[in-house]
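Top line first, the protein sequences correspond to chains A and B. In case it helps, the working numbering puts the first sequence at residues 1 to 345. In case it helps, the working numbering puts the second sequence at residues 1001 to 1235. Glycine included, C-beta positions come from ideal geometry on N, C-alpha and C. Notes to accompany the following structure.
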Amino acid sequence: MNKRPYGPFERQRPNDGQPTVLLVLAGALLIGGGLLAGILFKPFDWQDNAAPAPARVSELVYPAATELELTLPANEEWLLPSAAATAGGLTFVLDAGHGRILGIDSSGVATYDSSSGLELHQPMAIATDGRRLFVADSLAGQVLILDLAGRLEKAIRLPGPVAAEEEVRPIGVAVAPDGRILVSDASNHRVLFLDGDGSLLKTVGADRRAEGSEGFNVPGALTVDARGNVYVVDTLNGRVVKLSPDGEFIRDYGRLGGTAGTLSRPKGVAVDGAGRVFVSDGLLAAVEVFSPDGAYLGVIGRRDPANPTSGSLFQAPAGLWLDGDRLYVTDRFAGLVTFSLPGAD
Amino acid sequence: MTGPTRAFALVGVVALVLLAVGVGVVLGEEKNVAGTKHDVATEGTPPCVYCHIPRDAQGELLYARDPNGVGPYSGLKPFCFSCHDGTVAPLKSYIFDLTRPDHPADPGVRGQDCTRCHDPHETGYGKFLKLPGGADFCRNCHFRAGPTDHPVDIDALTAGRAPPDGHWDPEAGDFSGTRLWNAAGTGPGSFVKCLTCHSPHGSQPDTAINTVAVSPLDGSSVSLCQSCHVSGRGD
């Protein structure tokens, strides 16, 4: 049989497996090498005519001046302090580890100690209406109302859900302008609305772990703005939920994440007169600020406020309290850190 | 099969195997966490995402999750504390009291954090321990071949010898059956364990001996004397 001779290209066509593998490998090497060369040496700038890149979000620093760093009171020790509130010239700090409240004066000295008359069990949140203190005593399942001298006025035992498997564990408390008391129940994933006497008005949440507008996954700290809107730290959903004064879902701030503008483990919340939302994050060791419509405004708590990469002042920031233009951050290990915020009032 | 087909088939098979292994690992972990106390997921959400927080590819990392890098609150401790701080879970005993050591964890040293003894995915042995509890757990590190001045002969069983008090519970199967008191075996069952005298949390540095009276955090006691001399027993 007269075979047609191979053409020049046909002769080079591989006709067994090994050269094929080599060819594929060579192709892969070429492509990979090209990519690497492009990345390393950037032979041309394909973004030549692109708009200038916006500032990286993590470079956003919210204007705040550090005023005080009180690792420990001058005359006392606290263990894992959880939150603070100011009233009557004192800063009342919850010493969660020792189960007591310490009243700290402006020079950092503890002039009040609740432990002679009160036994608290991991108090996690404190609020005030200026005349009284409201303390979420988490393991006791109670909210205590004290006068500013520390005398107990009332202990509100919180009701559990009908089919509750877990004890009520209040870790957030706030007082609305109309006198209603708001309490978060971490174990049962709900927020309780109580009247001024402590009677239950309504509950918000699904009584189980939930998300979206349906409920919370470990509701934590609470605060109320001047209009009575309620802000709830929704710990494991990585957000702060805003509720209307009647408890209707309005919107949320942040989402679960590890980057600027997201939240890993939100702990404390405060709202200023302009509606800006301040959230402490225990895992990111930061206080993040959001505009009323949810835009990320920057971070508070850098060692060098002008340099976002200069490290954190915090170790485990938790409770937040805003008094005028002064922000009080209670850090579980670093103690009390206060900032002045221009234009916050 | 021609050469290119064979090469692609080989690559495809390897990729499939790797994918299968990866999916298996992930599914296996989820299976372990699901239904445990570490399953904090809402309905329909995988339990992984609350700890293995999804990285926002468009965003800048705010900072490292370890703000200190060194010291007692470093390494994985901030991560564990971010739930075990009285919010998601109540504070327990002395675990995050930084003035007291956690034996034998060395925060910030890879492999020596909380995860030296605990694995959040491990459910087989209680308290999310990585290995079976009891004396055998301690002996994973505290094994010893020669003589000792330890008051309790922790190698008695493996050596086939009785402990110094001459009495041990042959049914216990490990050192936890050793009795120091009530030689007749009629006592209240105060079988001595490692944890009778030692504690991994809140004890003394170096010896891990319990000497602390009562933890203010949860009222638990790890007092050395009271672990045997319980009021009312008359021992």
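Near residue i, what residues of its chain come up, given a Cβ to Cβ distance below 7 Å and the 5 sequence neighbours on each side ignored?
i                       : result
residue 1130 of chain B : 1117, 1118, 1119, 1122
residue 1077 of chain B : 1107, 1113, 1114
residue 62 of chain A   : 289, 297, 298, 299, 300
residue 1205 of chain B : 1101
Find out if the Cβ-Cβ distance for the pair residue i, residue j is shorter than 7 Å.
i                      : j                       : result
residue 212 of chain A : residue 189 of chain A  : no
residue 312 of chain A : residue 301 of chain A  : yes
residue 265 of chain A : residue 281 of chain A  : yes
residue 103 of chain A : residue 90 of chain A   : yes
residue 203 of chain A : residue 192 of chain A  : yes
residue 184 of chain A : residue 222 of chain A  : yes
residue 136 of chain A : residue 171 of chain A  : yes
residue 318 of chain A : residue 268 of chain A  : yes
residue 85 of chain A  : residue 145 of chain A  : no
residue 244 of chain A : residue 65 of chain A   : no
residue 277 of chain A : residue 240 of chain A  : yes
residue 70 of chain A  : residue 336 of chain A  : yes
residue 156 of chain A : residue 198 of chain A  : yes
residue 168 of chain A : residue 160 of chain A  : yes
residue 163 of chain A : residue 122 of chain A  : no
residue 320 of chain A : residue 270 of chain A  : yes
residue 92 of chain A  : residue 133 of chain A  : yes
residue 150 of chain A : residue 115 of chain A  : no
residue 200 of chain A : residue 218 of chain A  : no
residue 333 of chain A : residue 1073 of chain B : yes
residue 295 of chain A : residue 314 of chain A  : no
The ligand GTP and residue i: does the residue's C-beta get closer than 6 Å to at least one heavy atom of that ligand?
i                      : result
residue 325 of chain A : What this structure holds is no ligand at all, so the ligand GTP is not there to describe.
Note down, in chain order, each residue of its chain lying with its Cβ closer than 6 Å to the Cβ of residue i, except the 5 sequence neighbours on either side.
i                       : result
residue 263 of chain A  : 238, 254, 281
residue 1100 of chain B : 1094, 1202
residue 176 of chain A  : 224, 228
residue 88 of chain A   : 148
residue 124 of chain A  : 82, 136, 138, 171
residue 1017 of chain B : none
residue 1186 of chain B : Here residue 1186 of chain B scores only 40 on pLDDT, less than 50, and its place in the model is too uncertain to base an answer on.
residue 252 of chain A  : 239, 241
Determine, for residue i, whether the minimum Cβ-Cβ distance to residues of chain D falls below 7 Å.
i                       : result
residue 1086 of chain B : Absent here is chain D; the protein component of the structure consists of chains A and B.
Residues in the same chain with beta-carbon distance under 8 Å from residue i, minus the five sequence neighbours each way, listed in chain order, please.
i                      : result
residue 107 of chain A : 74
residue 310 of chain A : 302, 303, 304
residue 117 of chain A : 150, 151, 152
residue 347 of chain A : Chain A is shown only over 1 to 345; residue 347 of chain A falls outside these bounds and no answer can be derived.
Bridge partners of residue i, per DSSP?
i                       : result
residue 288 of chain A  : A/279, A/299
residue 85 of chain A   : A/92
residue 134 of chain A  : A/127, A/145
residue 190 of chain A  : A/185, A/205
residue 249 of chain A  : A/243
residue 174 of chain A  : A/182
residue 1011 of chain B : Partner(s): none; residue 1011 of chain B has no beta bridge.
residue 331 of chain A  : A/317, A/335
residue 31 of chain A   : Its beta-bridge partners do not exist; DSSP assigns none.
residue 269 of chain A  : A/279
residue 154 of chain A  : A/145
residue 61 of chain A   : A/299
residue 103 of chain A  : A/92, A/112
residue 1102 of chain B : B/1201
Query raised in the report: In chain order, what residues of the stretch 90-121 of chain A put their CB closer than 7 Å to some CB of chain B?
Result: If the cut-off is 7 Å between Cβ atoms, the stretch 90-121 of chain A has 96, 97, 98, 99 near chain B.
Query raised in the report: Do the stretch 314-328 of chain A and the stretch 1007-1014 of chain B touch if we need at least three Cβ pairs shorter than 8 Å?
Result: The stretch 314-328 of chain A vs the stretch 1007-1014 of chain B: no contact.
Report task. Could you name the residues of the stretch 255-289 of chain A whose beta carbon sits closer than 9 Å to any beta carbon of chain B, in the order they occur along the chain? Result -> Among the residues of the stretch 255-289 of chain A, those with a Cβ less than 9 Å away from any Cβ of chain B are 255, 256, 257, 258, 259, 260, 261, 262, 264, 265, 267, 281, 282, 283, 284, 285, 286, 288, in the order of the chain.
Query raised in the report: So, do the stretch 225-233 of chain A and the stretch 1032-1051 of chain B have three or more beta carbon pairs nearer to each other than 8 Å?
Result: No contact exists between the stretch 225-233 of chain A and the stretch 1032-1051 of chain B.
Query raised in the report: What residues in the stretch 184-212 of chain A bring their beta carbon closer than 7 Å to a beta carbon of chain B?
Result: Within the stretch 184-212 of chain A, the residues whose Cβ lies closer than 7 Å to some Cβ of chain B are 186, 209, 210, 211, listed in chain order.
Query raised in the report: Taking any Cβ of chain B, which residues in the stretch 214-233 of chain A have a Cβ under 7 Å from it, in chain order?
Result: Taking 7 Å as the Cβ-Cβ cut-off against chain B, the residues of the stretch 214-233 of chain A that qualify are 217, 218, 220.
Report task. For the stretch 233-245 of chain A, enumerate the residues whose C-beta is nearer than 9 Å to any C-beta of chain B, in chain order. Result -> Listed by position, the residues of the stretch 233-245 of chain A near chain B (Cβ gap below 9 Å) are 233, 235, 236, 237, 238.
Report task. Give the residues from the stretch 1094-1127 of chain B that approach chain A closer than 9 Å (Cβ to any Cβ), ordered along the chain. Result -> Along the stretch 1094-1127 of chain B, going in chain order, the ones with a CB nearer than 9 Å to a CB of chain A are 1096, 1097, 1098, 1099.
Report task. Can you give me, in chain order, the residues of the stretch 60-91 of chain A that have a beta carbon less than 7 Å from any beta carbon in chain B? Result -> Within the stretch 60-91 of chain A, those residues whose Cβ lies closer than 7 Å to any Cβ of chain B are, in chain order, 79, 80, 82.
Report task. Check distances from the C-beta atoms of the stretch 161-179 of chain A to those of chain B and list, in chain order, the residues that come in under 8 Å. Result -> Within the stretch 161-179 of chain A, the qualifying residues are 169, 171.
Query raised in the report: When you check each C-beta in the stretch 313-340 of chain A against every C-beta of chain B, which residues fall closer than 8 Å?
Result: Residues 314, 315, 316, 318, 332, 333.
Report task. Using a Cβ-Cβ cut-off of less than 8 Å, give me the residues of the stretch 131-149 of chain A that come near chain B, in sequence order. Result -> Residues 138, 139.
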